[in-house]
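Student: One structure coming up, written as structure tokens, with questions to follow.
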Amino acid sequence: MKKYIKYFLLITMISSFSGCDDYLDVNTPSDAVPLDNLSMKDILGPTLFNTIYGYYYAELSLCNYTQYYAGYGTAPVVESFNSSTWSNIYTKVLPNIENLKEKAIAQDAPHFLAVAKIITAMNLSFAVDNWDNVPYTQAGKPFEFPAPKFDDGEVVYNDMITLLDEAISALSGASNPKFNLEPGDLVYKGDVSKWIRLAYTFKARMQLHMMKNGGVTASDVLSSINNGFTSNSDNFILTYPEGELNPYYATNVQARATSNYFRAPNDQLVSMLNGTTYPFESGTVEVDPRLPAMFVKEIRVDVPAPDTDPWRGFLNGGTGQSSDGEAANTYYKDGGYYTKASAPLEVLTYAEAMFIKSEAAFLANGGTTTSTGTTSEAYNAYLAGIKGSMEQIGVDGADYLADTAVAVGEGGLMLNHIMKEKYIANIHNTETWNDFRRYNFSADVFKGLELRLEEDNSDDEFAGEWIRRVSYPTSELDANFDEVKANEKSPITPIWWAE
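Structure follows, in structure tokens:
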């Protein structure tokens, strides 16, 4: 617990001199710690924290696009600016990563440098996934470049792949025994083998994005993922200690209990879990066992809905109803896997790794968006992903895995089966939005996927359209007007890897 308090304090402290404005402020705060007095481990912990929180902020901003949350009211989805993620990347992570790299080079600490490269790749590739062209070569150096130029998204992506390769090579070599990653490593506690597997798995995730326009093949993805995560112990997550509240608990459970604004699960997600979109066939399974582990069925707070009532999610864009016209009754659960007070924040998991492998093997075998049948490699990875998700959440998935709607066999596997299970396993994760964009929001690949409800007479410029990119934050427009104006595009214009 003391360790986490230390890092929360350091986050505030380091952030105080990481933003561009504060870097350029000649009046150094009296309580600021000079960079020279900070060790590499002092910088690593807050940098990891802010990296994971950058992903969390994006999840909040984009979950209406991924159909995990249900927005209220029949207005079209509006553009997102995702300013908190931008701020985390460019004022809290990258400037400190530059400092970490400098210290690692000066002190001959190759493993610290390698981890810094992985964190850089995770942040800048994520920035490209959101905004396309972004600051890169001049980023993180506010003294030198207060208004950094924006670099081409494809160039950034390719350079991040190179950084991951360099990190893998360095971590596979000798370390400097004077410097131990463990004290500052909030995720892997200094386990170098897990950092290597993370780099390979994250590389495979990026390579999936690059298959359409980046010259990457399914075989390339398989080469990476086969060196990636091997179990849930490899998951890249931030675990909350006792006494610290997971933000999903605060915003989805506590907020509802105190009659404040809260988020409710989307009907499209619940319909995947309750057997509506994919009906169960065995007669044994009534709902996906993950459903009651994550959500609760209630008429109102602490008043259970009748057992005979089906699980009903909220229509995105509706006013409280479900897809059958009845009142929705499914809410985030107090004590649920994602919404208990100590629940982890997730960025990349073993389950996702297995679905990456399954999809890549399916495509490598000539699979298409509508074809049926695949190899044992693809099918076994599909099953492993489901098992990994069940184990992660802590439920018994035996009956579910035996149901013929799930156990379709090698000859019956389709891409939509893989993506359905990945969608469930990646709840909240913005990688789902990347999957949607990779396949152009295909109803063949994402069964039941629909736009949110909209008024028939809506004249909004984005009515009837899927949002395909995040708009640059107004803070960046104010600070770096010329570069933003030179690179901004409509939010319904695909980014480079999805064109």
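Each residue of the sequence shown is one higher than the one before, counting from 580 in my numbering.
Even glycine gets a Cβ: it sits at the ideal position worked out from N, Cα and C.
Within the continuous beta strand (DSSP E) that includes arginine 879, where are the two ends?
Tutor: Counting along the chain, the beta strand (DSSP E) containing arginine 879 begins and ends at 874 to 879.
Student: Give me the residue from Lys680, Val713, Gly897 and Ala695 with the minimum Cα distance to alanine 726.
Tutor: For alanine 726, the nearest C-alpha among the options comes from Val713.
Student: Using a Cβ-Cβ cut-off of 8 Å (strictly less than) and excluding sequence neighbours within five positions of phenylalanine 691, which residues of its own chain qualify?
Tutor: Closer than 8 Å at Cβ, skipping near neighbours: Met619, Leu623, Leu679, Lys682, Ala683, Phe758 and Leu760.
Student: Does the beta-carbon of isoleucine 1046, which I'm using as the reference point, lie nearer than 7 Å to any heavy atom of the ligand ZN?
Tutor: In the structure on display, the ligand ZN does not appear, and there are no ligands present to speak of.
Student: Evaluate lysine 696 with the Cβ neighbour count: other Cβ atoms within 10 Å of its Cβ, from every protein chain shown; 16 or more gives buried, anything less gives exposed.
Tutor: It counts as buried.
Student: Applying the 10 Å Cβ sphere with the 16-neighbour rule, what's the burial state of aspartate 846?
Tutor: Label assigned to aspartate 846: buried.
Student: Look at glycine 732 and leucine 673 and say whether their C-beta atoms are less than 8 Å apart.
Tutor: No, these two residues do not count as a Cβ contact at 8 Å.
Student: Taking 6 Å as the limit between beta carbons, can you name the residues of its chain near asparagine 1059, skipping five residues before and five after?
Tutor: Ala726.
Student: Return the residue from the list Ala884, Val800, Thr949 and Tyr916 that minimises the CA-CA distance to threonine 818.
Tutor: Of Ala884, Val800, Thr949 and Tyr916, the residue nearest in Cα terms is Tyr916.
Student: Return the residue from the list Arg1016, Thr953 and Ala688 that minimises the CA-CA distance to glycine 991.
Tutor: Among Arg1016, Thr953 and Ala688, the Cα nearest to that of glycine 991 is on Thr953.
Student: Give me the Cα-Cα distance between asparagine 616 and tyrosine 767, rounded to the nearest whole angstrom.
Tutor: The straight-line gap from Cα to Cα measures roughly 25 Å.
Student: Should serine 751 go down as buried or exposed, given a rule of 16 or more other Cβ atoms within 10 Å for buried?
Tutor: That one is exposed.
Student: The alpha helix (DSSP H) that contains leucine 980, what's its start and end?
Tutor: Leucine 980 -> alpha helix (DSSP H) spans 977 to 981.
Student: Note down the Cα distance separating arginine 1031 from serine 754, rounded to an integer number of angstroms.
Tutor: Cα to Cα, the separation comes out at about 51 Å.
Student: Quick check: what's the CA-CA separation for aspartate 1061 versus glutamate 865?
Tutor: Cα to Cα, aspartate 1061 sits roughly 56 Å from glutamate 865.
Student: With DSSP as the reference, label tyrosine 911 as helix, strand or coil.
Tutor: If DSSP states are grouped into helix, strand and coil, tyrosine 911 belongs with the strands.
Student: Whole alpha helix (DSSP H) runs in the segment 626 to 686 with 4 or more residues, listed along the chain?
Tutor: Counting only runs of 4 or more, we get 662 to 666 and 673 to 685.
Student: From lysine 876 to asparagine 737, what distance separates their C-alpha atoms?
Tutor: Whole-angstrom Cα-Cα distance: 46 Å.
Student: Restricting to Cα atoms, I'd like to know which of Asp744, Thr796 and Gly769 is closest to asparagine 781.
Tutor: A quick correction: the sequence has phenylalanine, not asparagine, at residue 781. Closest option to phenylalanine 781, Cα to Cα, is Asp744.
Student: Between which residues of its own chain and alanine 957 is the CB-CB distance below 6 Å, once the five residues before and five after are set aside?
Tutor: Excluding positions up to five away in sequence, the list reads Ser937, Ala940 and Phe941.
Student: What does the alpha-carbon distance come out to for the pair alanine 907 and methionine 993?
Tutor: Alanine 907 and methionine 993: Cα-Cα distance of roughly 31 Å.
Student: Any contact between the segment 916 to 929 and the segment 835 to 851? By contact I mean 3 or more CB pairs, one from each, below 8 Å.
Tutor: Flag = no, the segment 916 to 929 and the segment 835 to 851 do not touch.
Student: Could you name each continuous beta strand (DSSP E) segment of 3 residues or more that falls completely within the segment 836 to 876, going from the start of the chain to the end?
Tutor: Qualifying beta strand (DSSP E) stretches: none in this window.
Student: Can you look up proline 714 in the DSSP assignment and give me helix, strand or coil?
Tutor: Correct three-state label for proline 714: strand.
Student: For serine 902, count neighbouring Cβ atoms within 10 angstroms of its own Cβ and tell me buried if that reaches 16, exposed if not.
Tutor: Classification of serine 902: buried, given that the 10 Å Cβ count is 16 or more.
Student: Going by C-alpha to C-alpha distance, which of Ile676, Tyr840 and Gly892 sits closest to glutamate 905?
Tutor: Comparing Cα-Cα distances from glutamate 905 to each of Ile676, Tyr840 and Gly892, the minimum goes to Gly892.
Student: Specify whether the segment 1008 to 1024 and the segment 978 to 988 touch according to this definition: at least 3 beta carbon pairs, one from each stretch, less than 8 Å apart.
Tutor: In short, these stretches do not touch, since the Cβ pair count stays below three.
Student: Of all the alpha helix (DSSP H) runs that stay within the bounds of the segment 729 to 756, which reach a length of 4 or more residues?
Tutor: Segments of the alpha helix (DSSP H) lying fully in the segment 729 to 756: 732 to 750.
Student: Do threonine 855 and lysine 1026 have their C-beta atoms within less than 8 Å of each other?
Tutor: Cβ atoms of threonine 855 and lysine 1026: not closer than 8 Å.
Student: Kindly indicate which residue of Ser861, Pro1052, Arg879 and Thr918 has the alpha-carbon position closest to the one of alanine 829.
Tutor: Closest option to alanine 829, Cα to Cα, is Thr918.
Student: What residues match up with methionine 993 in a beta bridge as DSSP calls it?
Tutor: For methionine 993, which the question treats as bridged, DSSP gives the partners Thr951.
Student: Measure the C-alpha to C-alpha separation of glutamate 1044 and proline 689 and round it to an integer number of angstroms.
Tutor: Computed Cα separation, rounded: 47 Å.
Student: Alpha carbon to alpha carbon, how far is aspartate 764 from proline 820? Give it in angstroms, no decimals.
Tutor: Approximately 15 Å, taken between the alpha carbons.
Student: Which first and last residues belong to the alpha helix (DSSP H) in which glutamate 938 is found?
Tutor: Segment 929 to 943, the alpha helix (DSSP H) holding glutamate 938.
Student: Taking 8 Å as the cut-off, decide whether the C-beta atoms of alanine 834 and tyrosine 840 are in contact.
Tutor: Yes, these two residues count as a Cβ contact at 8 Å.
Student: So if DSSP puts leucine 817 in a beta bridge, which residue, or which two residues, is it bridged to?
Tutor: Paired residues: Leu924.
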